[in-house]
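When you line the sequence shown up against the numbering used here, it's residues 1142 to 1629, in that order.
Remarks on the structure that follows.
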Amino acid sequence: MIQFQHVYVTYRSSGRESLTDFSLQVKPGEFVVLAGKSGCGKTTATRLINGLIPHFFDAELRGEVIIGGRNVKTASIREIARTTGSVFQDPRSQFFTLQVLSELAFPSENYGLDRRVMQEQIQTAVRELGLGGLLTRSLFALSSGEKQKVAIASVYALGPQVYVLDEPSANLDDAGTEQLAAILKTLKAQGHTIIIAEHRLSYLKGSADRVVLLEGGLWKEEYSANSFFTKPAQWLRNKGFRGLDRPVLRPGIKETGSAVKAPFLEAVDISFGYNRGTPVLNDISLQADRGEVIGIMGTNGAGKSTLLRVLMGLEKPAKGKILIDGVPAGSRTRRRQSFYVMQDVDYQLFAPSVWEELLLGSKASADMVNKAEEYLRFFQLDCVKSAHPAALSGGQKQRLAIAVACMRNAGLLFLDEPTSGLDGENMAKVSGMIKKLARDGRCIFVITHDTEFAAATFDQIYHLSEHGRLSDRHLPELYKYEEREELP
């Protein structure tokens, strides 16, 4: 069904070879996982399967890629898309309409399918994938898990033989990941061929047939699913993988101590809603000190990102107050003391090179240059120092945005899903760096669905419910990585 024969891929924008002498065969009905560290070539391999290379991305392709008997060099992307359905990390990037039902119909309409046939295929997709309750809803009102479901269903309705997915769980909460796992099991049971590039592998246990490890663009190793999913935790860690068991976050209440000193940041009875609609946040109160890493967890759509935007002064609360060192602090005061790493870091990378991005807005003093060099080495970005940020892999972009945050001296640091797209080794690096920044006196808030990262990083955790209410503070289960490398 899928054949890679001695494939080399070089992106012209960076001149970097992303795949080197890569060969792989996938049989019809097989479920294969592409794994490896960020930037190892997983996404490039998926772009060859769906024809985005060479038909969309400007890249030199040598070797042969055969999908369903078609050579991707000579087949049109329209022909490839009838065989291969693609699901990206962010489903919003592949939506073309505003409502679920019209989105399900869009691919079939593009191919000019008979109306009756199209309706039958959509009904089958809705029934098989459990979308009955979503058909009349706006795409903008869906959770991340529901959006991922719709993206898969719109592809499913067209009836491809092959499904290729690029880190589909990266932005999903636990419920969304469980929904994704159930859909993948359904597709496998129906005999579809599935290729998935992933860092979070635990939810694929029981579905995948093989795990292929890439390293630096090379085919490195291959394991049967039975062999891979029984590997010990230390072996996985040494290979840079994430754990296969989710840590349990125990609900122990954080002791506040007897100190009378005011916390560095305090929110008192904060409420907020967009356009005078239903409140997103209801009577939120929290405290945070310098030196603390505070986790904000909860389901997709609960209002976690909104809470950060209110705390840092990007949104004005409808009621309540926010204090810094016991003194009421307006939005402008809070913004001056804050730095924000967004969930989609593409929106905050502006410079023409990685190096210039690190120094953007700073005087290029000897001290700043030395710091930039240290962070480049630590986050393993020195090899792409001259590359344009847009040419980086998703994980490399994420690490660059965090490195930029490290370069700033903001007392308040806010990070939204900083480990999406990161492998186990880089997740541990980011965890260690965040804890170091806290030890240096910063107050850090982090949104995440990543329980492995949460258990390794947070001093306390707040859980935000779907009704915009905040739980008591929790302590994460003790779960520490061994130190691999000295922090800069």
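Every residue gets a Cβ at the ideal spot worked out from N, C-alpha and C, and that includes glycine.
None of the values given here were measured: they were computed from a predicted structure.
- Return the first residue and the last residue of the alpha helix (DSSP H) that Met1509 is part of. Taking the first residue of the sequence shown as 1, we reach residue 1509 at position 368. From DSSP, the alpha helix (DSSP H) with Met1509 extends over Ala1507 to Phe1519.
- Query: From what residue to what residue does the alpha helix (DSSP H) around Asn1379 run?
  - Reply: Locating residue 1379 in the sequence shown gives position 238, counting from the first residue. Residues Ala1374 to Asn1379.
- Query: Thinking C-beta only, is Phe1594 closer than 8 Å to Ser1572?
  - Reply: As a working mapping, residue 1572 is identified with position 431 in the sequence shown. As a working mapping, residue 1594 is identified with position 453 in the sequence shown. In this structure, Phe1594 lies closer than 8 Å to Ser1572 by Cβ.
- When DSSP builds the beta bridges, which residues end up paired with Glu1356? Here the question's residue 1356 lines up with position 215 in the sequence shown. Answer by DSSP bridge pairing, in chain order: Leu1359.
- Under the three-state DSSP convention, the category Thr1598 falls into: Within the sequence shown, numbered from 1, the residue matching residue 1598 stands at position 457. Three-state DSSP puts Thr1598 in a helix.
- Item | Separation of Leu1306 from Glu1356, as counted between CA atoms | Taking the sequence shown and counting its residues from 1, one reaches residue 1356 at position 215. Taking the sequence shown and counting its residues from 1, one reaches residue 1306 at position 165. When rounded, the distance between both Cα atoms is 19 Å.
- Just curious, the beta strand (DSSP E) that Phe1163 is in, first and last residue? Within the sequence shown, residue 1163 is the residue found at index 22, counting from 1. Here the beta strand (DSSP E) through Phe1163 covers Arg1157 to Val1167.
- As assigned by DSSP and simplified to three states, the class of Leu1280: As a working mapping, residue 1280 is identified with position 139 in the sequence shown. Here Leu1280 sits in helix by DSSP.
- Message: Does the structure place the stretch 1236-1255 close enough to the stretch 1292-1307 that three or more beta carbon pairs sit under 8 Å?
- Response: yes
- When you compare only the Cα positions, how much space is there between Arg1223 and Glu1497? Counting from 1 along the sequence shown, the entry for residue 1223 is found at position 82. Counting from 1 along the sequence shown, the entry for residue 1497 is found at position 356. Answer to the nearest angstrom: the Cα atoms are 42 Å apart.
- Item | Candidates Asp1487, Asp1314 and Ser1506, of which the one nearest Ala1532 by Cα | As a first step, residue 1532 is located in the sequence shown; it is residue number 391 there, counting from the start. With distances taken between Cα atoms, Ala1532 lies closest to Asp1487.
- Same chain only: Cβ atoms within 7 Å of Thr1397, ignoring 5 sequence neighbours per side: Taking the sequence shown and counting its residues from 1, the one referred to as residue 1397 is at position 256. Since pLDDT at Thr1397 reaches only 46, below the 50 mark, its modelled position is unreliable, and no value is offered.
- Message: For Ala1366, tell me which candidate among Lys1346, Leu1377 and Leu1385 has the shortest Cα-Cα distance.
- Response: Position 225 of the sequence shown holds residue 1366. It is Lys1346 whose Cα lies nearest to the Cα of Ala1366.
- Got a sec? Which residues, its chain only, sit under 7 Å from Phe1370 by beta carbon, not counting five neighbours each side? Your numbering for residue 1370 matches position 229 in the sequence shown. Here the set comprises Lys1346 and Leu1385.
- Task: Could you tell me which of Asp1350, Tyr1344 and His1340 sits nearest to Arg1378, measuring between CA atoms?
- Result: Start at 1 with the first residue of the sequence shown, and residue 1378 comes out as number 237. The candidate whose alpha carbon is nearest that of Arg1378 is His1340.
- Three-way DSSP call (helix, strand, coil) for Leu1427 in this model: Here residue 1427 refers to the residue found at position 286 when the sequence shown is read from its first residue. Looking at Leu1427 - three-state DSSP - the assignment turns out to be strand.
- Message: Using 8 Å for Cβ pairs, my map puts Val1167 next to Val1173. What's the rounded Cβ distance?
- Response: Locating residue 1167 in the sequence shown gives position 26, where the first residue counts as 1. Locating residue 1173 in the sequence shown gives position 32, where the first residue counts as 1. Right, the Cβ-Cβ distance comes to about 5 Å (below 8 Å), so this counts as a contact.
- Task: Give the C-beta separation of Asn1312 and Glu1558 to the nearest angstrom, bearing in mind that I take them to be a contact with Cβ-Cβ under 8 Å.
- Result: Here residue 1312 refers to the residue found at position 171 when the sequence shown is read from its first residue. Here residue 1558 refers to the residue found at position 417 when the sequence shown is read from its first residue. So it is a contact: roughly 6 Å between Cβ atoms.
- Message: If contacts are defined as beta-carbon pairs under 8 Å, then Glu1201 and Arg1153 qualify, I think. What distance do you get, rounded to the angstrom?
- Response: On the sequence shown, position 60 is the one that residue 1201 refers to. On the sequence shown, position 12 is the one that residue 1153 refers to. Yes, they are in contact, since the Cβ atoms of Glu1201 and Arg1153 sit about 7 Å apart, within 8 Å.
- Locate the alpha helix (DSSP H) running through Cys1547, then write down its first and last residues. Numbered from 1 along the sequence shown, position 406 holds the residue referred to as residue 1547. Segment Gly1535 to Met1548, the alpha helix (DSSP H) holding Cys1547.
- How is Val1303 classed by DSSP in three states: helix, strand or coil? If you number the sequence shown from 1, residue 1303 lands on position 162. Residue state, collapsed to three classes: strand.
- Between the C-alpha atoms of Gly1565 and Val1352, what's the straight-line distance to the nearest angstrom? Along the sequence shown, one-based indexing puts residue 1565 at 424. Along the sequence shown, one-based indexing puts residue 1352 at 211. Going by the C-alpha atoms only, they are around 16 Å apart.
- Query: In its own chain, which residues sit with a C-beta less than 8 Å from the C-beta of Ala1551, not counting the 5 before and 5 after it?
  - Reply: The residue given as residue 1551 occupies position 410 in the sequence shown. Gln1478, Ser1479, Phe1480 and Arg1583.
- Message: Quick check on Leu1448: does DSSP put it in helix, strand or coil?
- Response: Taking the sequence shown and counting its residues from 1, the one referred to as residue 1448 is at position 307. Three-state result, Leu1448: helix.
- Which term fits Trp1376, buried or exposed, when burial requires 16 or more other beta carbons within 10 angstroms of its beta carbon? Within the sequence shown, numbered from 1, the residue matching residue 1376 stands at position 235. By the neighbour-count rule (16 or more Cβ atoms within 10 Å), Trp1376 is not buried but exposed.
- Query: Are Thr1334 and Ile1143 touching if we call contact CB-CB under 8 Å?
  - Reply: Within the sequence shown, residue 1334 is the residue found at index 193, counting from 1. Within the sequence shown, residue 1143 is the residue found at index 2, counting from 1. Against a cut-off of 8 Å, the Cβ pair of Ile1143 and Thr1334 comes out as a contact.
- Taking the CB atoms as reference points, tell me whether Leu1272 and Gln1240 lie closer together than 8 Å. Locating residue 1272 in the sequence shown gives position 131, where the first residue counts as 1. Locating residue 1240 in the sequence shown gives position 99, where the first residue counts as 1. Not closer than 8 Å, so no.
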